[in-house]
């Protein structure tokens, strides 16, 4: 029973365009959401987070949107750069500080 | 370095053997997590330590898996009588007591069971 799902295993975009990565969750107790980025042979690194009291959080080229009624969040990267090519995991927790439940990841490829 | 350190980085073992994977968390971080990533899969939670509290072992897939954390710092994940389905990258992460939800991951230990 996957509580956090990333339905697109891969995404390919052109450099300079927008990348949109999607994530759905089923557990209504989740109220804190994070995105992690993972390069090959490295551990995941934290990218951006959002609390359920917000519907948008922005950090430079990265913006996370949260739609609580739809139990859906998305990560927008604009403009996309080749260095953004990585696997992106969304994660959720019932409260900040508790253990995270991760999605299956989406491999993003940004083509020059 | 100052990050989470894991060893060994790669381990190849024969089915039925026991393996130990080690994690050195970031100094001062009270929470420590073990996850694993099987080929083509997401991150699967295994076990969570927080300070001196009893660990949350709810993610351990079988009784062949165990973990301990000595002195509130270094952790060892032990897999007994390894099976081929145990092959995965085992990732350790730590976080400070006042947690924003951000975990700091090590580079992982890749386990291959032949």
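Protein chains in written order, with the working numbering: chain A, 1 to 112; chain B, 113 to 226.
All C-beta atoms, glycine included, are put in the ideal place defined by N, C-alpha and C.
- In terms of Cβ geometry, residue 72 of chain A and residue 24 of chain A form a close pair [threshold 8 Å].
- According to the DSSP assignment, residue 122 of chain B belongs to the beta strand (DSSP E) that extends over 122-125.
- Within the stretch 163-192 of chain B, those residues whose Cβ lies closer than 8 Å to any Cβ of chain A are, in chain order, 168.
- For residue 79 of chain A, the closest of A/28, A/88 and A/63 by C-alpha to C-alpha distance is A/63.
- At the C-beta level, residue 221 of chain B and residue 133 of chain B come within 8 Å of one another.
- In this structure, residue 181 of chain B sits away from residue 130 of chain B, with a CB-CB distance that is not shorter than 8 Å.
- Annotation: the continuous beta strand (DSSP E) that includes residue 13 of chain A extends over 10-14.
- Annotated as distal: residue 83 of chain A and residue 6 of chain A, with beta-carbon spacing of 8 Å or more.
- The beta-bridge partner set that DSSP reports for residue 86 of chain A consists of A/108.
- Neighbours of residue 157 of chain B in chain A, taken as residues at a C-beta separation under 9 Å, are given in chain order as 99, 100, 101 and 102.
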